[in-house]
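In the order they appear, the protein sequences are chains A and B. The first sequence runs 1340 to 1802 under this note's numbering. The second sequence runs 1340 to 1802 under this note's numbering. C-beta atoms are modelled at their ideal positions from N, C-alpha and C, and glycine is treated no differently. Please read these numbers as outputs of a predicted model, since none were measured by experiment. Take a look at the structure below.
There are 2 protein chains.
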Amino acid sequence: MNTDPALVARLPLDLPALDWVTDAARVARLSQDFAWFSPVLKRQLADKTAEIAVRPRTEAEVRAVVAACARDAIPITVRGSGTGNYGQAIPLHGGVILDMSGYNAFGWVRGGTGRAQAGIRLADFDRQSRPQGWELRWLPSTFRSATLGGLFGGGFGGAGSITYGPMAATGNVLGVRVMTVEPEPRVIELRAPDAMLLHHVYGTNGIVLELEVALAPALDWVESIATFSSFDAALEFASALGAAPGLVKKEVCFLGAPVPDHMAALAEYLPKGCHAVLIVMAESSQAGMEDMAAAAGGTISYRKTAAESGSRTLLEYTWNHTTLVAMKVDRGLTYLQTGFDPARHVAQAKALEKALAGEVMTHLEFLRTKDGAFNCSGLQLIRFTTEARLEEIMQVFRDHGVAINNPHVYILEDGKQGALNPAVVALKHRFDPQGLLNPGKMRSWTPAPTAADALEPRRDIAA
Amino acid sequence: MNTDPALVARLPLDLPALDWVTDAARVARLSQDFAWFSPVLKRQLADKTAEIAVRPRTEAEVRAVVAACARDAIPITVRGSGTGNYGQAIPLHGGVILDMSGYNAFGWVRGGTGRAQAGIRLADFDRQSRPQGWELRWLPSTFRSATLGGLFGGGFGGAGSITYGPMAATGNVLGVRVMTVEPEPRVIELRAPDAMLLHHVYGTNGIVLELEVALAPALDWVESIATFSSFDAALEFASALGAAPGLVKKEVCFLGAPVPDHMAALAEYLPKGCHAVLIVMAESSQAGMEDMAAAAGGTISYRKTAAESGSRTLLEYTWNHTTLVAMKVDRGLTYLQTGFDPARHVAQAKALEKALAGEVMTHLEFLRTKDGAFNCSGLQLIRFTTEARLEEIMQVFRDHGVAINNPHVYILEDGKQGALNPAVVALKHRFDPQGLLNPGKMRSWTPAPTAADALEPRRDIAA
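As C-alpha cells, then:
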C-alpha cells in the first residue's frame, strides 16, 4: 500500500479547524504502543510511523477526516491511549493516526448499563458512573490512561474478569456505534452479538465511536496482599479463593517468587523470596478471604480500603503492569501470555514452575473464561536470551497442554484467536471496502476484485 | 428419652407472660413440616407431635423457656416456619416447639452485610434491605414464609445459589448469636467459620438467635420463560446460560416435559409437552439471554419485570415449589434430590432422561457448588409406586455417577452430608450437654458419661 505523501500533507490544509499533529517526533510517539514489551515486536515495529495524527473532538470531525482519507486512499490507524502490547496502534503503512482520546464524553448510566464515547478513559468512566452506583466490569491495569474503545478494539478484560469473564463474554458489551470508511461515511448502531465482530480486531473493520456496556454494581473494595513461603500453598489458595462463590472479588493475582522481589514500591509488604497473592475483594468478603488465607498458611501483609490506599492501587501491580514494573528493574525480561486448562490449571502451573524455574517466573491471573469456566491465564516473566529460546520455552508450555497466546506477533491471525470468524472479514468488506483501516494487521482480508457490495452476503449483520 | 408430661404442663404456669400454644390440634400443626413430600417420611413422622409450643418475642423469653426446659430435661425443637422437607422441625420425643417466627426483628445493613433475628421471614428481610440497596443472596422458593434461621438450620440456598453458591460457601454467613441449653443459658457470638458448625444440623447443637450474612446488591430482576421442543437443546441452553459469566442471574431452572404440564397457572406460557427454562436475570443481561435462547431454538413465552409481575414470581415454580405445584395436581408423585458431577452434568442428565423416562421427570436447578464449580442439582419428580422401587431408582442415579441427597430420611447422618464433622458433635456437647435439642436427629451424639466439660476439647471454637 503506497500513500502519496502530498495527499497526507494536504489534509490539515483541507480541514484546518481540526486538531492536527504534524511534528515528526510527536507523530512518531503517537505511532507507538507498548509493543516494546516484546523484543521481537520491538525489532519489527520500532521504526513504523504515521505521517500525521489528528485528534477529533466531535463525530463531525471524525467524519471529515474519514471522508478525506477514503477519498484519497490514505490509511487510518485508530488509537486510544496506545496501551496495547501487540502493536495494535502502530501503523505499518503510514497515513493518519486517528487519536480518539479527545472523543471522550460520558453518556449515561441506566438499569445497569452505561454508554460513552470511545475515547473515554476507563478511570474517567468509573469516576462518573460510581456516584450513580455502577462501575465498569473490567479494568485492565492501564485503566488510568486506557480508553474504553481501546479496550474493546485491542484488549481482553482485566480486573473484574474473575467475575464477569472477558469483555467478549455474552452480555458484557451491548452495542457499538460504528462509522464506515467511505467517501460518504455511514454511521451504524450494531447491537450484540453483531457488535462483537469489531472486538479485538485492532480497529481493522470499522471505527467504533461509542460503546454501550453492561456495568457492575459499584462496591467498596478492599485491597490485600497475602504472602506465603510455599509456592504450592500460595497457588492453591489463590485458585480456591478465585473460585469461591460466596466471596465477591475483582482481582486475584498470583506472583511466584521471585516476581514480588521486583516490586520495589511494595517491598515493605513483600518479604524477600516470598510468593504473593494480590487481592481486591468486596468489603463483606474480606473476613472470609482472611480465614482462607490463614488456613492456607498465608500472612496478610497489606490491607487497605479504597479510601486508605488513596491514589495507589494494587491493580497497578497486576496483569501487564506486573510485566511493566518488573521490566523497569530488569530490562532483560520479557513475557508470555498463556491459557491454561480449566480442569487442571493448578497442576499445570506447578509442573511448569518445576520445568522452567530460573528462566520463567510464574505470574497467573485468575478469571472466568468466555463460557464461565474458572481458570487462570499466565503472564509469565521470561529472562530473555534469544528468539529461538523464546520459541523453545513456548513449546514447553504447549507440551504441558497450556496454550500460547503469543504476544510477540502483530498480525491478528497469528495471535490468540487464530483463524478469524468469516463474519469479521465480511464486515471489513462492508465497512472498510478499500482496506484503509490499520492495513497489514488482518491477513484474511484481501481487496475485493470487483465492487465489494456485489460479494457481500450482508445477512451476518442485523443493522 | 422420656419426658414427664406434668413438667411440660407446668411450663405455661411458671411462665405465664409467654405466648404458649396448648391446643392439641394447633400444637400438632406446629409439629409438622413439609416432610409429607416424601411418602416414606409421611409414614414415619405423621403422628409425631410436641406437647406444647411457645412463641417467644424477646431474647429474655427465649432464655426463660430454655432455662426451664434445661432444668426439667424437656426436649426443645426449634422451628422457623416449618417449610423444611426432611422432618427437621418435627419433634420425635415430644416436649416443646420453640417457634421462632415471632422473634423477627430486622437489625441493620451496612457495607454489604446484614443482620437480623432468626425468625425474620426472608421476604421481610428483603423488603427492609432492598431500599438500602441490598438483598439476600439466596431465596428458597418458600421465601414468603421461610425464616432466615430456618434456612440456616435446615436449608441449602435456592435462587441466587447460581451466583453465590450454597449458604454454606465461605463468605455467605459471617456470624451467629447462639444460646446454649443449660439451666443458666449462655449467649455466644460465633463468627465464621465456627458459625457454620450450626448450619444445616436441624437446630441440634445450639439455638440460633441472630444471623449476620453477606448480602447481594439489589438489582432490577426480570423473569422469563424460554420454551423448547427439544429436551437436549433446552438443557444445553440452560447450562450454558447458567455458566455465562457476563450474564448476571438469580435463577435458572430446567423443567423437562411433562413437568411444565403440571403448572396450570402458567399454562398460557407453556405449550403442552414443552421443555421449559425458568429464568430470573438482571435487567442489563436480558438481551444477552434472549440472544442465547434464540440461537438455541427457544421461544421466550414470558417476560416480566418485578413491577409487571406484581405478587406473582416464577421463583414460586422453582426448587421445591416445582414439587409442591406438581403434587397439587398429582398426589401420586414424590421427588428426589440429586447431585451431579460438574464435569459432565449435561451428559448425565441426558442419559438419565433416557434411562428413566415415564417414571422420572427431569427438574434441574443450576448452581455453583460450595467450591464454585458450575453444576446442577436435581429435584426430579417421581411417579411413586413402592419404597423398594424408589430405592431402585436411586440406584440408577448412583450408577450414572449422580449422588443421591436422600430426602426420604430424617436423621442428619443419613442425608446428604453423611458422617458429621466431629466439631459439630463437639459443639453439641458444649451447647446442649443434656441432648435436649431436637433429640433423635443426630445419631453421632451420645450423652457424655461424665460432665461434658471434662470431655470437651473446646479449642474448635474461638468464642
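> Does the beta carbon of F1713 (chain B) come closer than 8 Å to any beta carbon on chain A?
Replying inline: If you number the second sequence from 1, residue 1713 (chain B) lands on position 374. With a threshold of 8 Å between beta carbons, F1713 (chain B) makes contact with chain A.
> By the 10 Å Cβ neighbour count, where 16 or more other Cβ atoms means buried, how is V1401 (chain A) classified, buried or exposed?
Replying inline: Numbered from 1 along the first sequence, position 62 holds the residue referred to as residue 1401 (chain A). Per the 10 Å Cβ criterion, buried.
> For the putative contact between A1745 (chain A) and D1753 (chain A), defined by C-beta atoms under 8 Å, what is the C-beta separation to the nearest angstrom?
Replying inline: As a position in the first sequence, residue 1745 (chain A) is number 406, starting the count at 1. As a position in the first sequence, residue 1753 (chain A) is number 414, starting the count at 1. Position check: residue 1745 (chain A) holds Asn in this sequence, whereas Ala was assumed. About 7 Å; that satisfies the 8 Å criterion.
> Just checking my contact of I1618 (chain A) with S1563 (chain A) at CB under 8 Å: how many whole Å lie between their CB atoms?
Replying inline: If you number the first sequence from 1, residue 1618 (chain A) lands on position 279. If you number the first sequence from 1, residue 1563 (chain A) lands on position 224. Rounded, the Cβ-Cβ distance is 5 Å, consistent with contact.
> Quick one, which residues of the stretch 1443 to 1462 of chain A are near chain B if we go by CB-CB under 7 Å, in chain order?
Replying inline: Residues G1450, G1451 and T1452.
> Just by C-beta distance, which residues in the stretch 1511 to 1531 of chain A are closer than 8 Å to chain B?
Replying inline: For the stretch 1511 to 1531 of chain A, residues whose beta-carbon sits nearer than 8 Å to a beta-carbon of chain B comprise N1511, L1513, R1530 and A1531.
> Helix, strand or coil: which one does DSSP assign to A1633 (chain B)?
Replying inline: Stepping through the second sequence from its first residue, residue 1633 (chain B) is reached at position 294. In the structure shown, the three-state DSSP call for A1633 (chain B) is helix.
>> Residues in the same chain with beta-carbon distance under 8 Å from V1764 (chain B), minus the five sequence neighbours each way, listed in chain order, please.
In response: Position 425 of the second sequence, counted from the first residue, corresponds to residue 1764 (chain B). Scanning its chain for C-beta atoms nearer than 8 Å, with the 5 sequence neighbours on each side dropped, one finds around V1764 (chain B) the residues N1544, M1781, S1783 and W1784, in chain order.
>> Using beta carbons (cut-off 8 Å, strictly below), is S1650 (chain A) in contact with chain B?
In response: Within the first sequence, residue 1650 (chain A) is the residue found at index 311, counting from 1. Answer no: the Cβ-Cβ gap between S1650 (chain A) and chain B never drops below 8 Å.
>> Determine, for P1556 (chain B), whether the minimum Cβ-Cβ distance to residues of chain A falls below 8 Å.
In response: By 1-based counting over the second sequence, the position of residue 1556 (chain B) is 217. Closer than 8 Å to some Cβ of chain A, the Cβ of P1556 (chain B) qualifies, so yes.
>> Short of 9 Å Cβ to Cβ, which residues in the stretch 1388 to 1401 of chain B face chain A?
In response: Taking 9 Å as the Cβ-Cβ cut-off against chain A, none of the residues of the stretch 1388 to 1401 of chain B qualify.
> Within the 8 Å Cβ cut-off, does A1572 (chain B) reach chain A?
Replying inline: The residue you call residue 1572 (chain B) lines up with position 233 of the second sequence. It does not; no Cβ of chain A falls within 8 Å.
> Using a Cβ-Cβ cut-off of 6 Å (strictly less than) and excluding sequence neighbours within five positions of G1426 (chain A), which residues of its own chain qualify?
Replying inline: As a first step, residue 1426 (chain A) is located in the first sequence; it is residue number 87 there, counting from the start. These residues qualify, in order along the chain: A1374, L1380, L1384 and Y1749.
>> Looking at the strands, I want to know which residues DSSP matches up with L1529 (chain B).
In response: Locating residue 1529 (chain B) in the second sequence gives position 190, counting from the first residue. According to DSSP, which records beta bridges pairwise, L1529 (chain B) is partnered with B:V1515.
>> Excluding the 5 residues flanking L1536 (chain B) on each side, which residues of the same chain have their C-beta closer than 6 Å to its C-beta?
In response: For this step, residue 1536 (chain B) is matched to residue 197 along the second sequence. Only A1762, V1763 and L1766 meet the Cβ criterion.
> So G1434 (chain B) and I1459 (chain B) are in contact, right, with Cβ under 8 Å, and what is the actual spacing, rounded?
Replying inline: Along the second sequence, one-based indexing puts residue 1434 (chain B) at 95. Along the second sequence, one-based indexing puts residue 1459 (chain B) at 120. Their Cβ separation, rounded to whole angstroms, is 25 Å, which puts G1434 (chain B) and I1459 (chain B) out of contact at 8 Å.
> Can a CB atom of chain B be found closer than 8 Å to the CB of L1586 (chain A)?
Replying inline: Here residue 1586 (chain A) corresponds to residue number 247 of the first sequence, with the count starting at 1. Interface criterion met: the Cβ of L1586 (chain A) is under 8 Å from a Cβ in chain B.
> Is any beta-carbon of chain A found at less than 8 Å from that of E1575 (chain B)?
Replying inline: Position 236 of the second sequence, counted from the first residue, corresponds to residue 1575 (chain B). Not an interface residue.
> How would you call E1474 (chain B), buried or exposed, if buried means at least 16 neighbouring beta carbons within 10 angstroms?
Replying inline: Translated into positions along the second sequence, residue 1474 (chain B) becomes position 135. Taking every protein chain shown into account, the CB of E1474 (chain B) has 16 or more other CB atoms within 10 angstroms, so this residue is buried.
> With a cut-off of 8 Å, does the C-beta of T1502 (chain B) fall near any C-beta of chain A?
Replying inline: Reading the second sequence from its first residue, position 163 is the one you call residue 1502 (chain B). Yes, T1502 (chain B) lies at the interface with chain A (some Cβ there is under 8 Å from its Cβ).
>> Let me check understanding here. Comparing Cα to Cα, which of B:G1757, B:N1714, B:L1695 and B:W1477 lies closest to D1738 (chain B)?
In response: Here residue 1738 (chain B) refers to the residue found at position 399 of the second sequence. Sorting B:G1757, B:N1714, B:L1695 and B:W1477 by C-alpha distance to the C-alpha of D1738 (chain B) places B:L1695 at the top.
>> Could you give the first and the last residue of the continuous beta strand (DSSP E) run that contains W1473 (chain B)?
In response: The residue labelled residue 1473 (chain B) in the question sits at position 134 within the second sequence. Counted as a single uninterrupted DSSP element, the beta strand (DSSP E) harbouring W1473 (chain B) occupies residues W1473 to L1475.
> Along chain B, in chain order, which residues have C-beta atoms closer than 9 Å to that of R1642 (chain A)?
Replying inline: Counting from one through the first sequence, the residue named residue 1642 (chain A) turns up at place 303. Ordered by position in chain B, no residue passes the 9 Å Cβ test against R1642 (chain A), which lies about 15 Å from the chain.
> Under 8 Å Cβ-Cβ, which residues of chain B neighbour G1631 (chain A)?
Replying inline: By one-based count along the first sequence, residue 1631 (chain A) stands at place 292. Reading off the sequence, residue 1631 (chain A) comes out as Met, not Gly. Within chain B, the residues near M1631 (chain A) are T1509.
> Looking only at DSSP bridge pairs, what is R1782 (chain A) linked to?
Replying inline: For the purposes of this step, residue 1782 (chain A) is taken as the residue at position 443 of the first sequence. BP columns for R1782 (chain A) are empty, so no partner.
> Should T1342 (chain A) be flagged as near chain B, meaning a C-beta pair shorter than 8 Å?
Replying inline: Locating residue 1342 (chain A) in the first sequence gives position 3, counting from the first residue. With a threshold of 8 Å between beta carbons, T1342 (chain A) makes no contact with chain B.
> Per DSSP, what kind of secondary structure is Q1371 (chain B) in: helix, strand or coil?
Replying inline: The sequence position of residue 1371 (chain B) within the second sequence is 32, counting from 1. The answer is coil: DSSP assigns Q1371 (chain B) none of H, G, I, E or B.
>> Check whether chain A comes within 8 Å of A1385 (chain B), counting only Cβ atoms and requiring the distance to be less than that.
In response: For the purposes of this step, residue 1385 (chain B) is taken as the residue at position 46 of the second sequence. So, not an interface residue.
>> Judging by CA-CA distance, which residue of B:L1586, B:M1628 and B:T1652 is the nearest neighbour of L1605 (chain B)?
In response: Taking the first residue of the second sequence as 1, we reach residue 1605 (chain B) at position 266. Comparing Cα-Cα distances from L1605 (chain B) to each of B:L1586, B:M1628 and B:T1652, the minimum goes to B:T1652.
> Does the Cβ of A1790 (chain A) have 16 or more other Cβ atoms within 10 Å, making it buried, or fewer, making it exposed?
Replying inline: Taking the first residue of the first sequence as 1, we reach residue 1790 (chain A) at position 451. Because A1790 (chain A) sits at a pLDDT of 48, beneath the cut-off of 50, its placement in the model cannot be relied upon, and the following sentence gives the value as read from the coordinates. Exposed: under 16 other Cβ atoms inside 10 Å.
>> Quick check on A1531 (chain B): buried or exposed, where buried means 16 or more other Cβ atoms within 10 Å of its Cβ?
In response: Stepping through the second sequence from its first residue, residue 1531 (chain B) is reached at position 192. Result: buried.
> Can the beta-carbon of A1457 (chain A) be found closer than 8 Å to that of L1437 (chain A)?
Replying inline: Locating residue 1457 (chain A) in the first sequence gives position 118, counting from the first residue. Locating residue 1437 (chain A) in the first sequence gives position 98, counting from the first residue. Going by C-beta atoms, A1457 (chain A) is not nearer than 8 Å to L1437 (chain A).
> Counting only beta-carbon atoms, is G1627 (chain B) nearer than 8 Å to chain A?
Replying inline: Counted from its first residue, the second sequence places residue 1627 (chain B) at position 288. Judged by the 8 Å Cβ criterion, G1627 (chain B) is in contact with chain A.
> Ordered along the chain, which non-local residues of its own chain (more than five positions away) have a Cβ less than 7 Å from that of M1602 (chain A)?
Replying inline: In the first sequence, residue 1602 (chain A) corresponds to position 263, counting from 1. Around M1602 (chain A): L1609, Y1656 and V1664.
> From V1699 (chain A) to H1684 (chain A), what does the alpha carbon distance come to, in whole angstroms?
Replying inline: Along the first sequence, one-based indexing puts residue 1699 (chain A) at 360. Along the first sequence, one-based indexing puts residue 1684 (chain A) at 345. Answer to the nearest angstrom: the Cα atoms are 17 Å apart.
> Out of B:K1693, B:E1622, B:S1578 and B:E1731, which has the shortest C-alpha to C-alpha gap to G1510 (chain A)?
Replying inline: Position 171 of the first sequence holds residue 1510 (chain A). The shortest Cα separation from G1510 (chain A) among B:K1693, B:E1622, B:S1578 and B:E1731 belongs to B:E1622.
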